[in-house]
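Engineer: This is the structure, below, for whatever I ask next.
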């Protein structure tokens, strides 16, 4: 089992920045992929960014603005979000994946006002 706790959400004006962090505990050695999804009201949950074996992937909508990083010494995955837009408003969920399961954090709200 893996437990995930997110922090760092909040409200910001368009053009601003936020940094999300996700701390993992439990069977962390089994994790092979971590990242972030988001879900806006009335929309499906979508992948924002992930890191897998040192390789990063981003949704087209956030490329060049968001940066994902993983700190193995602290068992955290971070999402630096710059140049935020109102359309980035959503609940952001951290996830971790091992060979058989996907684990989710509780979600953190990000609100970007114009």
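Residue numbers (the working numbering): 330 to 443.
Backbone N, C-alpha and C define an ideal beta-carbon position, used for all residues, glycine too.
It should be emphasised that the depicted structure is a prediction, and the values quoted were computed from it without experimental measurement.
Look at the alpha carbon of residue 380 and the alpha carbon of residue 425, and state the distance between them as a whole number of angstroms.
Structural biologist: If you take the alpha carbons of residue 380 and residue 425, they lie about 10 Å apart.
Engineer: Compare the beta carbon distance of residue 427 and residue 359 with 7 Å and say whether it is the shorter of the two.
Structural biologist: Yes, these two residues count as a Cβ contact at 7 Å.
Engineer: Give the straight-line distance between the Cα atoms of residue 333 and residue 367, rounded to the nearest whole angstrom.
Structural biologist: Each residue's Cα considered, the two are about 15 Å apart.
Engineer: Taking residue 400 as part of the beta strand (DSSP E), name the residues at either end of that continuous run.
Structural biologist: Residue 400 -> beta strand (DSSP E) spans 395–400.
Engineer: Kindly identify the DSSP beta-bridge partner or partners of residue 335.
Structural biologist: 351.
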